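Quick note, the sequence shown lines up with residues 246 to 381 if you use the working numbering.
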Amino acid sequence: MEENKETKLCYAVVEEDGNPYENKVHDSIEEAVLFADEFVKSRVFTTVHAYEQVPISPSDVSLIDVGDLLLELDERLEDNGFEGAEVADSLSDDEVKALQDKIDKLLDEHIKIPYYESGELVKKITLTKDDLKKYL
Numbered sequence: 246m247e248e249n250k251e252t253k254l255c256y257a258v259v260e261e262d263g264n265p266y267e268n269k270v271h272d273s274i275e276e277a278v279l280f281a282d283e284f285v286k287s288r289v290f291t292t293v294h295a296y297e298q299v300p301i302s303p304s305d306v307s308l309i310d311v312g313d314l315l316l317e318l319d320e321r322l323e324d325n326g327f328e329g330a331e332v333a334d335s336l337s338d339d340e341v342k343a344l345q346d347k348i349d350k351l352l353d354e355h356i357k358i359p360y361y362e363s364g365e366l367v368k369k370i371t372l373t374k375d376d377l378k379k380y381l
């Protein structure tokens with residue numbers, strides 16, 4: 246993955262325990278506040294956290310693990326009467342890695358939807374009831 250890709254911010258209303266409300270982040274403060282509508286209406290003030298988000302590629306999130314696929318293939322072969330096929334054991338570590346690299350490359354080339362990884366907390370925003378009126 247390239248370094249220094251553009252980052253973006255996402256926002257979450259924060260509960261008392263410091264976690265995002267229902268573990269969801271949003272593209273704007275307005276979306277975060279509207280999502281947590283009932284929660285924010287019951288509070289004197291609301292804290293919203295702005296998080297940095299960094300673009301990631303599909304291979305960075307390990308969508309497909311070749312080792313797991315090979316073990317699943319062995320199970321399916323055995324379930325269908327091909328006992329002892331043991332495809333997973335017949336490949337070397339280098340062959341498994343090469344296969345994983347090919348799948349990752351294929352995913353990165355064909356999946357163009359931007360995905361983001363949760364980044365660091367950038368800013369804490371405190372909204373009063375008056376502030377919330379802009380969003381509700």
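Using N, Cα and C, we set each Cβ at its ideal position, and we do this for glycine too. As the structure is a computational prediction, the values presented were derived from the model and not from experiment.
Between which two residues does the beta strand (DSSP E) containing residue i stretch?
i	result
residue 336	Premise fails: residue 336 is in no beta strand (DSSP E) and is neither H nor E.
residue 253	253-259
Could you have a look at residue i and say whether DSSP puts it in helix, strand or coil?
i	result
residue 327	coil
residue 348	helix
residue 249	Residue placement at residue 249 cannot be trusted, given a pLDDT of 45 that sits under 50; what the coordinates show is reported in the next sentence. Coil.
Would you tell me roughly how many angstroms separate the C-alpha atoms of residue i and residue j, rounded to the nearest one?
i	j	result
residue 325	residue 302	36 Å
residue 347	residue 320	23 Å
residue 282	residue 381	8 Å
What is the residue span of the alpha helix (DSSP H) that residue i lies within?
i	result
residue 274	274-280
residue 374	374-377
Alpha carbons only, please: which of the options is nearest the one belonging to residue i?
i	options	result
residue 330	338, 264, 297, 316	316
residue 367	294, 305, 318	294
residue 336	309, 318, 378	318
residue 273	353, 297, 312, 304	297
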